[in-house]
Amino acid sequence: MSLLSVTDLTCRHGLLTAVRGIGFTLERGETLCIIGANGAGKTTLMRTLAGAHVPAGGRIALAGRDITAERAFERVRSGISMSPEGRRLFADMTVAENLRVAAENGRAGGWDMDRVLGAFPQLQPLLDVPAGRLSGGQRQAVAIGRALLSNPDVILLDEVSLGLSPAAIEGLYQSLSAIRESGEMGIVLVEQDLTRALGFADRVLCMAEGRSELQGPPADFTRAQITAAYFGIHDDEARHA
Amino acid sequence: MLDTFFQALVQGTLLGGYYAIIAVGLSLMVGVVRFINLAHGDLAVLGALLTLALIQGAGLPVLAAIMVMLPLMAALGWFMHQTLFERAMRGGFLLPILVTIGLGAALQNGMFGIWGSNTRSLGADIGTLSWAGWSLPGGIIVGQLPVIIFVTAVLVIGALHLVLKKTRLGRAIRATAADPEAAEMCGVDARRAHRAAAAIAVALAALAGVFLAMRGQVTPYSGPAQLIFAFEAVVIGGIGSIWGTLIGGIILGVSQALGGLISNQASLLTGHLVFVAALIWRLGRSWAADHGGWRASVRAALAARGLRRNARRTGDLP
Amino acid sequence: MSHTHVLAAVSRLDKVLIGLGAALAGLLLALPLFGSPLIVDKLTLLMIYIILAVSWNLLAGFAGLVSVGQQAFIGLAGYFVLRLAEAGMAPFPALIAGAVVVLLVAWPLSWFVLRLKAAEFAVAMWVLAEAIRSVIMFDPLVQGETGRSLVTLNAIDADLRRTAIYLMAVASAILVLAVSYRLLRGRLGGESQAIRDDEEAAGSVGVSTMRVKRTIFLISALGCAIAGTLWLASAITYQPRAAFGINWSVFMLFMVLVGGLGSFLGPVLGALLLFALQEAFGDFGAWYLTGIGCVAMLFALYAPRGIIGLITDRLGREPLSMRKELDVRSERRGR
Numbered sequence: 001m002s003l004l005s006v007t008d009l010t011c012r013h014g015l016l017t018a019v020r021g022i023g024f025t026l027e028r029g030e031t032l033c034i035i036g037a038n039g040a041g042k043t044t045l046m047r048t049l050a051g052a053h054v055p056a057g058g059r060i061a062l063a064g065r066d067i068t069a070e071r072a073f074e075r076v077r078s079g080i081s082m083s084p085e086g087r088r089l090f091a092d093m094t095v096a097e098n099l100r101v102a103a104e105n106g107r108a109g110g111w112d113m114d115r116v117l118g119a120f121p122q123l124q125p126l127l128d129v130p131a132g133r134l135s136g137g138q139r140q141a142v143a144i145g146r147a148l149l150s151n152p153d154v155i156l157l158d159e160v161s162l163g164l165s166p167a168a169i170e171g172l173y174q175s176l177s178a179i180r181e182s183g184e185m186g187i188v189l190v191e192q193d194l195t196r197a198l199g200f201a202d203r204v205l206c207m208a209e210g211r212s213e214l215q216g217p218p219a220d221f222t223r224a225q226i227t228a229a230y231f232g233i234h235d236d237e238a239r240h241a
Numbered sequence: 001m002l003d004t005f006f007q008a009l010v011q012g013t014l015l016g017g018y019y020a021i022i023a024v025g026l027s028l029m030v031g032v033v034r035f036i037n038l039a040h041g042d043l044a045v046l047g048a049l050l051t052l053a054l055i056q057g058a059g060l061p062v063l064a065a066i067m068v069m070l071p072l073m074a075a076l077g078w079f080m081h082q083t084l085f086e087r088a089m090r091g092g093f094l095l096p097i098l099v100t101i102g103l104g105a106a107l108q109n110g111m112f113g114i115w116g117s118n119t120r121s122l123g124a125d126i127g128t129l130s131w132a133g134w135s136l137p138g139g140i141i142v143g144q145l146p147v148i149i150f151v152t153a154v155l156v157i158g159a160l161h162l163v164l165k166k167t168r169l170g171r172a173i174r175a176t177a178a179d180p181e182a183a184e185m186c187g188v189d190a191r192r193a194h195r196a197a198a199a200i201a202v203a204l205a206a207l208a209g210v211f212l213a214m215r216g217q218v219t220p221y222s223g224p225a226q227l228i229f230a231f232e233a234v235v236i237g238g239i240g241s242i243w244g245t246l247i248g249g250i251i252l253g254v255s256q257a258l259g260g261l262i263s264n265q266a267s268l269l270t271g272h273l274v275f276v277a278a279l280i281w282r283l284g285r286s287w288a289a290d291h292g293g294w295r296a297s298v299r300a301a302l303a304a305r306g307l308r309r310n311a312r313r314t315g316d317l318p
Numbered sequence: 001m002s003h004t005h006v007l008a009a010v011s012r013l014d015k016v017l018i019g020l021g022a023a024l025a026g027l028l029l030a031l032p033l034f035g036s037p038l039i040v041d042k043l044t045l046l047m048i049y050i051i052l053a054v055s056w057n058l059l060a061g062f063a064g065l066v067s068v069g070q071q072a073f074i075g076l077a078g079y080f081v082l083r084l085a086e087a088g089m090a091p092f093p094a095l096i097a098g099a100v101v102v103l104l105v106a107w108p109l110s111w112f113v114l115r116l117k118a119a120e121f122a123v124a125m126w127v128l129a130e131a132i133r134s135v136i137m138f139d140p141l142v143q144g145e146t147g148r149s150l151v152t153l154n155a156i157d158a159d160l161r162r163t164a165i166y167l168m169a170v171a172s173a174i175l176v177l178a179v180s181y182r183l184l185r186g187r188l189g190g191e192s193q194a195i196r197d198d199e200e201a202a203g204s205v206g207v208s209t210m211r212v213k214r215t216i217f218l219i220s221a222l223g224c225a226i227a228g229t230l231w232l233a234s235a236i237t238y239q240p241r242a243a244f245g246i247n248w249s250v251f252m253l254f255m256v257l258v259g260g261l262g263s264f265l266g267p268v269l270g271a272l273l274l275f276a277l278q279e280a281f282g283d284f285g286a287w288y289l290t291g292i293g294c295v296a297m298l299f300a301l302y303a304p305r306g307i308i309g310l311i312t313d314r315l316g317r318e319p320l321s322m323r324k325e326l327d328v329r330s331e332r333r334g335r
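Residue numbers (the numbering used here), protein chains in the order written: chain W, 1 to 241; chain S, 1 to 318; chain G, 1 to 335.
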């Protein structure tokens with residue numbers, strides 16, 4: 001039985017179908033990277049996994065238990081947490097308070113304040129600073145820290161590097177590598193930077209127009225195959241090109 | 001002359017304590033739930049009448065009656081939020097206004113149906129407290145009850161501040177106020193946080209209602225006026241700010257007391273005028289901010305007028 | 001046809017409804033010839049309700065502005081009529097002039113209240129109504145809580161007065177309905193619909209949201225003012241506390257919400273329903289008003305589109321709809 005198994009997931013925004021029949025599984029210690037062009041449905045998929053969006057069809061199961069009907073906060077308690085797109089920190093609350101909210105309302109486990117500050121040492125001097133005053137990289141660190149503090153089995157990281165400086169991205173990925181190496185949780189990651197995604201992931205899932213175009217270990221695919229999937233070009237078209 | 005002025009200043013400040021208690025619940029709802037409950041004043045009256053019923057009907061001592069009533073009203077707030085307000089909020093900004101004004105009408109007239117139209121007061125139940133006062137140097141006399149109400153206001157707001165800052169529930173409420181969805185992603189049940197805020201707000205309204213009935217009289221139809229005072233205090237003090245409601249309440253109380261030096265009617269009017277002035281000032285400030293600050297916006301407005309005039313003279317533009 | 005979008009043609013049902021309405025209006029105008037005084041009085045009240053409901057619906061249903069302070073204009077209009085009559089104006093001209101003078105207050109008011117956000121606007125209007133009432137109570141003419149009668153009107157023969165006021169009420173109701181029909185079917189209707197659906201988007205395609213909102217605000221204020229003068233005329237006595245009462249807002253909200261917010265016919269249905277309920281249960285006093293509040297709440301929560309919404313679901317389309325729809329057929333024909 002897989003840690004997370006998603007079957008035939010379909011999501012709509014009104015008349016627009018953003019995710020069409022996506023399915024995948026994820027094991028503990030494994031990193032799945034979701035790639036795709038803007039508008040491919042990545043963020044909708046992530047929000048649906050986190051419980052912020054109600055799917056139109058399909059099933060999400062965590063360790064065999066159906067959690068499709070659970071709301072976001074219930075899923076946190078079941079073991080899925082997310083660092084959302086745009087970080088979404090509580091701007092008027094301090095960094096420490098942002099982290100405490102997650103620590104108090106999530107599950108207990110190995111991740112506590114000290115360990116988060118160990119993983120993201122740049123936050124140590126900022127604990128009493130309102131989150132609204134942080135830089136983009138610092139915000140992303142707090143958002144990931146919040147997700148970690150609820151001690152998830154599956155952590156969802158949406159648009160980790162979006163809008164950040166190369167140095168900040170490098171720092172964040174070093175911290176993420178350490179988390180991945182610990183093997184404590186499954187990681188689902190949305191990353192715009194293809195090279196970084198392919199380098200970091202155990203498996204990739206490429207989405208185009210809401211569909212899964214390609215899925216598997218990065219080593220199984222050529223760069224051309226991935227590019228074709230990225231732009232939603234199917235095999236026969238790709239051969240012509 | 002100066003004596004009466006200072007006397008009014010002191011009385012007004014103390015009156016501000018009452019306004020702060022009724023306003024702080026409204027402010028909490030606006031700040032956290034983004035919901036204006038137009039029945040807030042009627043719930044205050046309900047709290048007062050319920051307390052009276054517990055004292056005169058069930059024979060409880062005053063303090064015990066209040067202690068029984070507050071959790072009841074908090075539970076009512078929780079329940080109302082769960083059954084009425086949550087559903088109303090899903091329908092946009094319009095429905096909450098419609099639902100709560102309907103609720104207000106139902107509450108006022110329902111209370112009238114149950115308790116009749118007689119004015120009622122807790123004054124007789126609190127003995128000498130209703131009229132006893134202290135003399136301050138300078139010939140100023142302060143009533144003991146207004147002082148108690150003011151001190152309670154400061155304690156209540158201080159306690160609310162501490163709860164919001166230092167407790168798990170308070171942090172959950174503030175996180176929900178900032179971003180309900182992100183709060184849920186941190187494991188906070190945003191709906192529960194909203195219900196808790198509604199429970200606190202209704203209990204505080206009811207507490208204010210008790211003080212209203214101690215200071216003077218209430219009728220089933222006293223609620224709307226209390227809502228208006230509360231709303232004025234919230235706007236004057238700055239929407240969504242807890243300590244701001246104390247300042248707003250004091251400003252409202254003082255302006256009413258100063259107006260009261262002229263006549264009873266003028267007292268209400270000065271309060272309304274200060275509210276309107278605060279509203280215009282805030283609108284002006286946000287308008288100026290949109291146009292690059294006060295000076296720039298005035299300059300731009302003048303320049304635009306000059307341009308138009310020139311254009312009209314030369315006939316370039318209609 | 002050069003327009004890029006064409007309003008759907010008036011349907012058969014709508015034509016029948018308009019015809020029926022015209023016939024009903026004719027009947028109402030002829031009623032004093034055979035109706036009893038009691039019926040004439042009752043129907044005057046119904047007309048006042050219709051005027052109020054249509055005015056409030058213009059504001060809330062079409063401009064998205066929910067006000068719980070429209071009683072400001074009802075009370076002000078009555079006050080101005082008293083003042084004008086006191087200054088020597090004949091009672092009937094004073095009734096008309098009083099309503100128009102209200103616009104002189106509503107216009108400057110609109111410059112600032114319309115800049116407020118949704119719920120703030122609603123409550124601020126209420127506070128303003130209270131503020132205006134406290135100002136008016138300074139005037140010794142209204143005699144504080146006691147109130148004052150429109151003496152010159154009272155001096156006119158009772159039958160003549162009743163008939164004249166009734167005819168004024170019917171004419172006003174027809175006028176308000178006709179004006180709102182014309183306005184909403186015209187350009188303003190499309191613009192206000194755009195604002196209600198998405199104010200920012202409407203602004204970005206060149207709709208002057210402020211102008212549209214102000215126009216509707218002023219028309220609605222005028223409607224409430226007309227209702228206010230008619231109410232004063234039929235009640236004769238002016239009491240500031242009743243004229244500026246929050247109950248007016250509760251009634252308006254009930255009629256529009258239960259009838260069908262943002263529809264053309266809804267407020268009329270709501271007015272009829274409120275009138276009928278008042279006739280049937282009005283004697284229960286406070287409990288009746290409790291019921292009105294509860295029904296309004298239930299409709300807001302469970303049937304926010306009101307009776308018209310329920311009818312629309314049945315028919316598949318809204319009778320006398322003001323919604324702009326693209327009629328592809330007529331456009332193609334036009335080319």
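Each residue gets a CB set at the ideal place from its N, CA and C atoms; glycine is no exception. No experiment lies behind these values; they were computed from the predicted model shown.
| Asked | Found |
| --- | --- |
| Locate the alpha helix (DSSP H) running through I149/S, then write down its first and last residues. | 144-166 |
| Under 8 Å between C-beta atoms, does G163/W make it to chain S? | no |
| Should L59/G and F217/G be called a contact, given that it needs their Cβ atoms to be closer than 8 Å? | yes |
| Between the C-alpha atoms of L214/W and E70/W, what's the straight-line distance to the nearest angstrom? | 28 Å |
| Please state whether DSSP places I165/G in a helix, a strand or coil. | helix |
| Tell me the start and end of each unbroken alpha helix (DSSP H) in the segment 183-226 of chain G that is at least 4 residues and wholly inside, in chain order. | 187-197, 199-204 |
| Give the single residue among S27/S, L98/S, V33/S, E86/S whose Cα lies nearest to the Cα of V258/G. | L98/S |
| So L62/W and D153/W are in contact, right, with Cβ under 8 Å, and what is the actual spacing, rounded? | 7 Å |
| Sort A159/S, L2/S, G92/S, K165/S by Cα distance to R320/S and report the nearest one. | This structure cannot speak to residue 320/S, because chain S is shown only from 1 to 318. |
| Where does T4/S land, buried or exposed, given buried means 16+ other C-beta within 10 angstroms? | exposed |
| For W134/S, which residues does DSSP report across the bridge? | V142/S |
| CB A39/S to CB T100/S, shorter than 8 Å? | yes |
| Run through chain W and tell me which residues come within less than 8 Å of E184/S, C-beta to C-beta. | G51, A52, R71, A72, F73, V76 |
| Out of D128/W, P121/W, G64/W, E74/W, state which residue places its alpha-carbon closest to the alpha-carbon of M93/W. | D128/W |
| Beta carbons nearer than 8 Å to chain B: which residues of the segment 100-133 of chain S have them? | Absent from the structure is chain B; the protein chains it does hold are W, S and G. |
| What's the call for N57/G, buried or exposed, on a 16-neighbour Cβ count within 10 Å? | buried |
| Can you tell me whether D42/S is buried or exposed, with buried defined as 16 or more other CB within 10 angstroms of its CB? | buried |
| In the DSSP assignment, what are the bridge partners of R59/W? | T7/W |
| With 8 Å set as the bound, which would you pick, yes or no: does the beta-carbon of R174/S sit closer than that to a beta-carbon of chain W? | yes |
| Answer yes or no: does any C-beta atom of chain W fall closer than 8 Å to that of E181/S? | yes |
| Please list, in chain order, the chain S residues whose beta carbon lies closer than 8 Å to that of N151/W. | In chain order: nothing, as chain S lies at least about 10 Å away. |
| Would R309/S pass as an interface residue toward chain G - the criterion being a Cβ-Cβ separation below 8 Å? | no |
| How about the segment 252-269 of chain G and the segment 64-79 of chain S: do they share at least three Cβ pairs that are nearer than 8 Å? | no |
| Does the CB of H3/G have a neighbour CB from chain S at under 8 Å? | Any reading at H3/G must be qualified, since the residue scores a pLDDT of 42, below 50, and its modelled position is unreliable; no value is offered. |
| Only counting the same chain, and skipping five residues up and downstream in sequence, which positions put a Cβ closer than 7 Å to that of S2/G? | Confidence at S2/G is low in this model, with a pLDDT of 42, below 50, so the placement of that residue is unreliable and no value is reported for it. |
| Relative to the C-alpha of A196/S, which residue among G12/S, E181/S, P71/S is closest? | P71/S |
| Report yes if the C-beta distance between G58/W and T7/W is below 8 Å; otherwise report no. | yes |
| Could you name the residues of chain S that D92/W contacts, counting a contact when the two beta carbons are closer than 7 Å? | A178 |
| Which class does G26/G belong to by DSSP, given the choice of helix, strand or coil? | helix |
| Considering only their Cβ atoms, is the gap separating Y79/G from V127/G smaller than 8 Å? | no |
| Taking Cβ to Cβ, would you say G223/S is nearer than 8 Å to A53/S? | no |
| In the DSSP assignment, find the alpha helix (DSSP H) that holds A271/G and state where it starts and stops. | 266-281 |
| Looking at V30/S and I239/S, is the spacing between their C-beta atoms short of 8 Å? | yes |
| Between R87/S and chain G, is the shortest Cβ-Cβ distance under 8 Å, so that the two count as touching? | yes |
| In whole angstroms, what separates the C-alpha of A178/G from that of V68/S? | 57 Å |
| By the criterion of Cβ-Cβ separation under 8 Å, what are the contact partners of R171/S in chain W? | M93, E97, R100, V101, E104 |
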